[in-house]
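So the sequences go chain by chain: A and B. Take 101 as the starting number for the first sequence in the numbering used here and just add one per residue. Take 60 as the starting number for the second sequence in the numbering used here and just add one per residue. Beneath this line is the structure, given in structure tokens, with notes to follow.
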Amino acid sequence: MNLIKFLDEFTTDKLQEPNTSRRAMFGQLGSLTKKAAIAAVPFGLATMSNKAMAQSSSSVVDVLNLALTLEYLEDEFYAMALDSGVLSGNAKAEAIYMQISKHESQHVDFLTAAIEGSGATPVAKPTFDFTVGGAFDPFNDNGAGQATAYAQLLALAQAFEDTGVRAYKGQAGNLMGNPGVLTAALQIHSVEARHASEVRRLRGLEGWITGNQRGAGMPEATQAVYDGATTEANIMQGGLDVTSLGSGSPFTVDASTQAYDEILTGDEAVAIASLFIVS
Amino acid sequence: MKKKKSIEVTTQTVGRNRRNFLKVSGLAIAGSGLLLASCSDDDDNGNMLGGTFDLGTGDVGVLNYAYALEQLEAAFYTNVVNGSFYASASADEKAILLDLYNHEVNHREFFKAAIGANVPMEQQLTADLEFDFSSVDFGDRDSVLTTARILEDTGVSAYNGAGQYIQTAAYLTLAGKIVSVEARHAAAIRTIINGSADYTAFAGDDIIDDNGLDLAASPADVISAAGGFFVTPFTYKKPQA
């Protein structure tokens with residue numbers, strides 16, 4: 101499947117459209133996900149009820165293809181980062197990038213297998229440009245110098261991880277009724293959050309997001325990662341203003357925004373990823 | 060017969076599980092399936108010592124379950140912060156633990172308010188669960204950080220495992236908003252525990268599987284693992300089916 105075509109479809113509300121082959125596809129996806137999930141989750145899945153299946157399988161595949169696109173991006177980014185030599189001599193950063201790179205690669209494989217196993221076609225890997233038309237030089241290919249490249253390498257990683265966390269979170273509702281897929285997506289989601297925390301701390305920030313602040317040293321172009329229809333500065337949770345639930349340090353605006361990560365919609369996640377996609 | 064899928068866990072009297080908490084949780088974190096042996100969700104009406112508590116089903120059950128865990132985490136960090144941290148705590152470590160305290164207390168009060176507004180009174184988990192932290196040495200860095208790591212990793216596995224039981228999309232999104240913060244916590248705690256000895260601990264091979272997936276555990280296993288810290292028997296009544 102062509103990526104641009106997929107992105108088009110993804111952003112035109114196809115998610116909610118009925119699909120005539122829903123029943124057949126659900127049969128396939130249901131058995132796939134049960135199998136995949138049992139390998140990953142030792143407990144509780146065997147007795148799962150499918151009665152709540154409210155989502156067409158085609159839209160589940162769309163969610164998985166969006167996830168795969170984001171994972172392609174991260175996977176290639178970390179692989180190129182490790183190849184670039186920009187991290188050479190920095191044992192800590194190199195070890196962190198290797199661990200994250202391993203996970204992103206595993207996510208690509210896992211999602212590809214999940215989509216193929218359902219009888220659908222995984223979206224093709226896009227061609228990425230991590231310089232965004234020459235604005236960045238994270239791999240020090242264009243003479244930015246080691247220090248500048250290193251800073252950009254870390255800044256982009258933070259942007260990708262914080263985007264990943266928000267993007268997966270935004271799709272959780274679309275996976276309701278497909279417990280195996282939902283659980284696996286949640287399991288990837290929290291790994292992205294661990295990555296995000298670590299990269300942020302490597303950059304000298306806190307592991308959590310305060311307000312909609314992108315943090316020191318983050319290029320202005322990354323602000324979209326912290327904004328959106330619901331920005332990271334949101335303090336209304338489930339209709340409650342969480343700053344009003346008590347007094348003292350836990351209920352400051354800062355703490356109240358740190359304590360909850362927010363979603364990105366599919367469109368918002370696609371828009372961020374598209375900055376790095378050439379074709 | 061299809062088993063009713065409710066989040067029912069039988070508590071045991073205080074003491075018996077407490078001593079084993081760290082060990083048992085360690086197993087849970089390693090992905091072991093052994094925990095079900097002690098307290099499976101087949102025990103629909105199991106009357107272990109101390110009686111049963113039933114967190115309810117569906118959204119009510121998950122809300123109560125999350126509330127119990129957030130109460131536990133908040134109580135733990137309250138002890139850490141009120142105890143002036145452990146003696147050797149660095150400024151960085153104190154800042155992290157204070158943030159975790161802030162976040163968990165906020166989560167706790169959020170669930171209290173959400174349950175108060177959305178759950179019938181008789182199905183509400185009490186706001187005043189008591190905990191027994193006598194197994195934790197709050198003056199000792201290893202004891203505090205190890206307990207924090209287990210609570211955070213367990214929190215992540217709990218939310219990941221419970222997401223499938225949530226019936227309302229808004230609640231699922233809320234759980235997602237919280238679980239990623241718990242994962243951010245877990246990574247930070249793991250990093251300060253391991254330091255330069257293991258730079259990969261934030262998402263270590265001990266918890267992330269070969270598919271790059273984090274932990275996910277059933278409510279029964281999580282509460283079984285954490286049960287040693289719970290002193291107050293959960294008091295609210297089982298809802299009518």
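We put the beta carbon where it would ideally sit given N, CA and C, even for glycine.
Note that the C-beta distance between Q287(A) and D273(B) is below 9 angstroms.
Assignment of Q337(A) by DSSP, reduced to helix, strand and coil, places it in the strand class. Within the same chain, and ignoring the five residues on either side of L131(B) in sequence, the residues whose Cβ sits closer than 8 angstroms to its Cβ are L188, F190, L210, A285, F288, F289. The C-beta of S239(B) comes closer than 9 angstroms to at least one C-beta of chain A. When secondary structure is reduced to three states using DSSP, F190(B) falls in the strand class. Taking C-beta separations shorter than 7 angstroms and ignoring five residues to either side along the sequence, the partners of I248(B) in its chain run L204, A207, R208, E211, following chain order.
Taking 9 angstroms as the cut-off, the beta carbon of D262(A) is found no closer than this to the beta carbon of R301(A). For E261(A), the enclosing alpha helix (DSSP H) starts and ends at 246-271. G273(A) is positioned such that its CB atom lies no closer than 9 angstroms to that of A242(B). With a threshold of 16 other beta carbon atoms within 10 Å, S147(B) falls short and is exposed.
Between L345(A) and F197(B), the CB-CB gap reaches or exceeds 9 angstroms. Among the CB atoms of chain A, one or more fall inside 9 angstroms of the CB of I267(B). Three or more pairs of CB atoms, one per stretch, sit closer than 8 angstroms, so the region 161-174 of chain A contacts the region 213-229 of chain A. Excluding five sequence positions before and after Y250(A), the CB atoms of its chain that fall closer than 6 angstroms to its own CB belong to V186, given in chain order. Nearest neighbour of S239(B) by Cα position, chosen from L282(A), R294(A), M336(A), G304(A), turns out to be R294(A).
The alpha-carbon of S216(B) is positioned some 42 angstroms away from that of A244(A). Ranked by how close their Cα comes to the Cα of Q258(A), the residues D209(A), A321(A), S374(A) have A321(A) in first place. The shortest CA-to-CA distance from Q223(B) to any of R266(A), L275(A), T248(A), G264(A) is the one to L275(A). Shown here, F144(B) sits in coil according to DSSP, grouped into three states, outside any helix or strand. As computed with DSSP, F351(A) is found in no beta bridge at all. Within chain B, the residues whose beta carbon sits less than 9 angstroms from that of F351(A) are N161, V164, N165, E168, listed in sequence order. When secondary structure is reduced to three states using DSSP, F239(A) falls in the coil class, being assigned neither helix nor strand.
Contact holds between the region 350-366 of chain A and the region 155-172 of chain B, because three or more Cβ pairs, one in each stretch, are under 8 angstroms apart.
CA-CA distance, T283(A) to F261(B), rounds to 21 angstroms. Looking from the CA of G175(B), the closest CA among V140(B), V119(B), S194(B), Y145(B) belongs to V119(B). Within chain A, the C-beta atoms nearer than 8 angstroms to that of V215(B) come from S290, in chain order. Nearest in C-alpha terms to L231(B), of all of A359(A), Q206(A), I363(A), A329(A), is I363(A). Between A369(A) and G270(A) the beta-carbon gap is near 7 angstroms, inside 8 angstroms, which marks them as a contact.
Bounds of the alpha helix (DSSP H) holding G214(B) are 200-221.
Bounds of the alpha helix (DSSP H) holding N165(B) are 150-177.
Between T259(B) and A195(A) the beta-carbon gap is near 6 angstroms, inside 8 angstroms, which marks them as a contact.
When secondary structure is reduced to three states using DSSP, I377(A) falls in the strand class.
In the structure shown, the three-state DSSP call for F230(A) is coil.
Straight-line measurement puts the Cα of Y145(B) at about 51 angstroms from the Cα of T227(A). Only those residues of the region 167-201 of chain A whose C-beta falls short of 8 angstroms from the nearest C-beta of chain B are listed: A191, K192, A195, I196, M198, Q199, I200. The beta carbon of T250(B) sits closer than 9 angstroms to some beta carbon of chain A.
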